[in-house]
Amino acid sequence: MNRTACLRLALGTSLTVAAGAALAHPGHDAATVSASLWAGLAHPFTGADHLLAMAAVGVWSALIARSTADTLRLPLAFVALMLVGAAIGLCGVALPAVEPMIAASLLVIGLLLALRAKLPAWAGTLLVGGFAIFHGYAHGAELPATAGALPAVLAYVGGFAAATMALHLLGIGAGTLLRRHAGWLARAAGAGVALYGASLLVA
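Residues in the sequence shown are numbered from -13 upward in steps of one, following the numbering used here.
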């Protein structure tokens, strides 16, 4: 399977999971579930911190991957651990330093992208997954008022999971293109992300 087909499959799977989470429960209020799903889909796009971190993970993955499967390793780890963080947030468990850790994720991932740094697979997965927990916690803690019942909660979670994967895939697409034609631009983008993260940390 070539890179394009693999990316399409991953995106299709993400969207299917989101739709299934929203619709697999009989007796729910369709309007409420729909509103929660759209809120989840929009949430990663409403904050530059989330958007840049998720896109940067995708670009970095494309730059350092040795194969198509390897390209998806970090994005899938991010989404999986993000869901763990969301569950923590939804349960109301306090997690310290959420915003500073989100800012730190921009700084660190931006630097890794700017340097085109290659880490051991376990280290990259652990690093990205650790930061993803804090991004997920922020999503879960900001559950919209419309998501009161379980089907609506699942729709919201499925929505932001699908949107996150979409941002990763967009980053992978951009990174693949830049790796072939303008690697310096990807490095410059990483430096910009790192600077933004640093500005959030000192603000």
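Don't be surprised by glycine CBs; every beta carbon is placed ideally from N, CA and C.
Item, Value
"Pairwise C-alpha distance: L113 and L27", "25 Å"
"Cβ neighbours of L76 in the same chain (closer than 6 Å, five flanking residues each side left out)", "G126"
"Backbone secondary structure at T32 - three-state DSSP", "coil"
"Own chain partners of L9 with C-beta closer than 7 Å, once the 5 adjacent residues on each side are dropped", "Because L9 sits at a pLDDT of 42, beneath the cut-off of 50, its placement in the model cannot be relied upon, and the following sentence gives the value as read from the coordinates. Excluding sequence neighbours, L9 sits near nothing in its chain."
"Contacts around G161, its chain only, beta-carbon distance under 8 Å, and the 5 residues preceding and following it disregarded", "G44, V45, W46, S47, A48, L49 and A172"
"Where P137 sits in the DSSP three-state scheme", "helix"
"Simplified DSSP assignment, three categories, for E85", "helix"
"First and last residue of the uninterrupted alpha helix (DSSP H) at V79", "Neither: V79 is in no alpha helix (DSSP H) and is coded neither H nor E."
"Among V94, F146, L97 and G115, the one whose alpha carbon lies nearest that of A25", "F146"
"Residue of S185, S20, L23 and A174 minimising C-alpha distance to F100", "The displayed chain sequence assigns Ala, not Phe, to residue 100. Considering only alpha carbons, the answer is A174."
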